[in-house]
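Protein chains in written order, with our numbering: chain A, 2 to 279; chain B, 409 to 667.
Even for Gly, the Cβ is constructed at its ideal location relative to N, Cα and C.
Structure representation (structure tokens):
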């Protein structure tokens, strides 16, 4: 163990600022109002009610934006790998990186400017004869949040899935041709089966990102769409009266549990994908 | 295998979907941000309103300060750690790798609640507590950037040469290794800085005022001003990253050393 001494600063740092907060919030989530051990904080999540519903909405949002992001992102990634090279490819890479990390406050305001009731795109579409606000749609609704989240989920998929597509070897195509395959047989029997584990892994990553995202939804919806992170935020700000002081802790631990399960799926898919690269 | 003429249909539809998804909202927001008073005409009014608001410069300065500190702390912590890992500590690599992936797994909201529970009072009373959490959030990206860069240099040879010429460990890291992995360090620095300057979740849950949280509050008074700053920060980030992507890669000129 003494040979790991140079790693001591790193272990102390992550131990104190990463592990200890997670342990502390987990411990406190099992404490009641008068500091006694209890499971009471978890009851509102497991029984039907606003908190269980928030978990349902959060999971639905992650699923929908994960699927949209994965499918569209995979298509973009394929076209980029195939046709965008050199400096153009480098610029597309960095734009994808910016967009993938754009899930913040600015994104919410920009979508309000474009698709809000008074938004520029809303007005242009209205002039063209399509009033997007004629039905139930608002940018502050579930559908609105899906639109905004897709803005960073799709580029994130491009970033994480591109290496998998670039890893498809020309030899495999040639081998398939020599064995008498046409392009469709190649994709059905070789290309797609090889890409599936990477695709599933990337989907899990998108799912986890959508599940944890906070800033965009917070700035956009101000509580109109009940998502777990937003509810935790309002509990912390003290805007919601709750007779359970540590309910927010239980919600936070619930999020960690969901995220851990999803990331376990991601790691499993990564292992499957790695089999082809050796 | 017969070649199908797929190129233009594929590129065309990708370009179409991409402009629908990305250009349209960007265009809409940009046009909106130049709306004049009362929604008439075009002007810089919203941008001017913003910089004359109370708290604009203090919030911007706070964010810049915290981001610079986070980037610096990140390098001081991670460069020696990663060098040691790749040189002598290979068997600890999977553990460090796991710890560096954790910030992607643990939702930031949960980390923020945990910070409120776990951090000692003297840290919770200063905005500098944010610096430590910015470093944590950047770990997954820093780890990758530095690790990729370190694997392309003949680390062992460089260190042995430097040490046998009488250099100390500190001077070996600063004068030999750091220049050799410059591209990875630039990447790590830039990513930490960018993540820190835009960080909203932990900052707002711990009730500090930085540029992003200030923008949200300002946006409640004047949505046009908030949109202006959003467009500005977004376009700025794209421009900066594109310039960095187009810079010639210095690493390519490096003399290859066989291990």
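Range covered by the alpha helix (DSSP H) that runs through residue 93 of chain A: 87-101
Residue from A/274, A/232, A/103 and A/11 with nearest C-alpha to residue 255 of chain A: A/232
8 angstroms Cβ cutoff met for residue 613 of chain B and residue 539 of chain B: No. Outside cutoff.
The ligand NAD and residue 81 of chain A: does the residue's C-beta get closer than 7 angstroms to at least one heavy atom of that ligand? This structure lacks the ligand NAD, and indeed carries no ligand of any kind.
Taking the C-alpha atoms as reference points, what is the distance between residue 64 of chain A and residue 579 of chain B? 51 angstroms
Could you tell me whether the region 546-555 of chain B touches the region 506-521 of chain B, where touching means 3 or more Cβ pairs closer than 8 angstroms? Touching, yes.
Strictly by DSSP, which residues pair up with residue 443 of chain B? Answer is B/450.
Residue 253 of chain A beta carbon less than 8 angstroms from that of residue 42 of chain A: Contact flag unset, no.
Kindly indicate if chain B contains any beta-carbon less than 8 angstroms away from that of residue 22 of chain A. yes
For a contact meaning CB atoms closer than 7 angstroms, what does residue 158 of chain A contact in chain B? Result: empty, since nearest Cβ-Cβ is about 12 angstroms, beyond 7 angstroms.
From the DSSP output, which residues share a beta bridge with residue 38 of chain A? A/32
contact_flag[the region 76-85 of chain A, the region 106-116 of chain A] where n(CB pairs < 8 angstroms) is 3 or more: no
Give a yes or no on whether the minimum CB-CB distance between residue 417 of chain B and chain A is below 8 angstroms. no
Nearest to residue 166 of chain A by alpha carbon, out of A/188, A/246, A/138 and A/135? A/188
Say whether chain B places a C-beta atom closer than 8 angstroms to the C-beta of residue 25 of chain A. For residue 25 of chain A, the answer is yes, since a Cβ of chain B falls inside 8 angstroms of its Cβ.
So, with DSSP's three-state summary, where would you put residue 123 of chain A? Residue state for residue 123 of chain A is assigned as helix, using DSSP reduced to three classes.
What separation, rounded to the nearest whole angstrom, lies between the Cα atoms of residue 246 of chain A and residue 610 of chain B? 20 angstroms
For residue 140 of chain A and chain B, any beta-carbon pair shorter than 8 angstroms? No, no contact with chain B.
Checking contacts by CB at 8 angstroms: is residue 595 of chain B closer than that to chain A? no
Would you please verify whether the beta carbon of residue 213 of chain A is less than 8 angstroms from any beta carbon of chain B? Among the residues facing chain B, residue 213 of chain A is included, as its CB has a counterpart in that chain under 8 angstroms away.
Express the C-alpha separation of residue 477 of chain B and residue 126 of chain A in angstroms, rounding to a whole number. For residue 126 of chain A and residue 477 of chain B, the distance between alpha carbons rounds to 46 angstroms.
Could you check whether residue 270 of chain A and residue 161 of chain A sit closer than 8 angstroms to each other, using their CB atoms as the reference points? no
Quick one: Cα of residue 62 of chain A to Cα of residue 534 of chain B, how far? 36 angstroms
Start and end residues, alpha helix (DSSP H) containing residue 72 of chain A: Under the DSSP assignment, residue 72 of chain A falls in the alpha helix (DSSP H) whose first and last residues are 51-84.
Measure from the C-beta of residue 261 of chain A to each C-beta in chain B and report whether the shortest distance is under 8 angstroms. yes
Looking at C-alpha atoms only, which residue of B/616, B/626, B/651 and B/632 is the closest neighbour of residue 470 of chain B? For residue 470 of chain B, the nearest C-alpha among the options comes from B/616.
Do residue 636 of chain B and residue 454 of chain B count as a contact pair if the criterion is CB distance below 8 angstroms? Against a cut-off of 8 angstroms, the Cβ pair of residue 636 of chain B and residue 454 of chain B comes out as a contact.
Label residue 536 of chain B either buried or exposed according to how many other C-beta atoms from any shown protein chain fall within 10 Å of its C-beta, with 16 as the threshold for buried. It counts as exposed.
Using a beta-carbon distance cut-off of less than 7 angstroms, what residues from the region 603-627 of chain B approach chain A? 606, 608, 609, 613, 620, 623, 624 and 627
Residue from A/144, A/94, A/229 and A/225 whose Cα sits closest to the Cα of residue 157 of chain A: A/94
At a Cβ threshold of 8 angstroms, is residue 581 of chain B touching chain A? no
Residue 155 of chain A touches chain B at which residues, Cβ-Cβ below 8 angstroms? 429
Under 8 angstroms from the C-beta of residue 58 of chain A: neighbouring residues of chain B: Here the premise fails: no neighbours, minimum Cβ distance about 15 angstroms.
In chain order, each alpha helix (DSSP H) run of at least 4 residues that lies wholly inside the region 491-538 of chain B: Runs of the alpha helix (DSSP H) inside the region 491-538 of chain B: 501-513, 516-526 and 529-532.
Under a CB-based cut-off of 8 angstroms, is residue 198 of chain A close to chain B? no
Can you tell me the Cβ-Cβ gap for residue 153 of chain A and residue 144 of chain A, rounded? I've got them flagged as a contact below 8 angstroms. Incorrect: roughly 17 angstroms between the Cβ atoms, too far for contact.
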